[in-house]
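Numbering-wise, the sequence shown is residues 1274 to 1388 according to my numbering. In this text, a Cβ means the ideal position worked out from N, Cα and C, and glycines have one as well. Just so you know, these numbers come straight off a predicted model, no measurement behind them.
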Amino acid sequence: MNSWQQLLDGLTISPMPAKDNAKLLAALLNASEQHGEVFISNASEQDNQAILVHWQERDTWCHCGGSAFYQAIIEAIPTEQVTQYQPLTRLDIAVIAPDQIPFLLAQYAHFDHCY
1274 MNSWQQLLDG
1284 LTISPMPAKD
1294 NAKLLAALLN
1304 ASEQHGEVFI
1314 SNASEQDNQA
1324 ILVHWQERDT
1334 WCHCGGSAFY
1344 QAIIEAIPTE
1354 QVTQYQPLTR
1364 LDIAVIAPDQ
1374 IPFLLAQYAH
1384 FDHCY
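Next comes the structure, spelled out in structure tokens:
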């Protein structure tokens, strides 16, 4: 597995809160026997801190959204861009089991057929 896109391949992901995006990435990395760390920015704008995931084996980063957003999208970012979010603090989140991923995704799925 070489990229975030490959990690997310095959999943239909609706926009979710940033912390749930981070939970999803952490669960997928864990299921792939990879390691990721979740960080939150210590920016002066405390009500909307960036949540980032670092994929240790690939030394790549993903922006999961701002902490105040309820509909954030997951976006890979270049390592050089991470400096704009520093200083960063490690954020401990519960890593969900792989069989719980569909429930996390379903929680935010849009059901257009419910009219």
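Give the secondary structure of I1366 by DSSP, where H, G and I count as helix, E and B as strand, and everything else as coil.
In this structure, I1366 counts as coil in the three-state DSSP scheme.
Going by C-alpha to C-alpha distance, which of Q1354, N1315, A1299 sits closest to Q1329?
Q1329 has its Cα closest to that of A1299, out of Q1354, N1315, A1299.
Enumerate in chain order the residues of its own chain whose CB-to-CB distance from H1308 is below 8 Å, with the five nearest sequence positions on each side excluded.
Same-chain partners within the cutoff: L1302, W1328, Q1329, E1330.
Note down the Cα distance separating H1386 from A1367, rounded to an integer number of angstroms.
With a pLDDT of 47 at H1386, under the threshold of 50, the modelled position of that residue is not reliable, and the figure given next carries that caveat. H1386 and A1367: Cα-Cα distance of roughly 33 Å.
Give me whichever residues DSSP pairs with L1325 in a beta bridge.
DSSP output for L1325 lists F1312, H1336 as bridge partner(s).
Anyone know if the C-beta pair for I1350 and C1337 falls short of 8 Å?
Against a cut-off of 8 Å, the Cβ pair of C1337 and I1350 comes out as no contact.
CA-CA distance, P1371 and E1353?
Near 31 Å, if we compare the C-alpha coordinates of E1353 and P1371.
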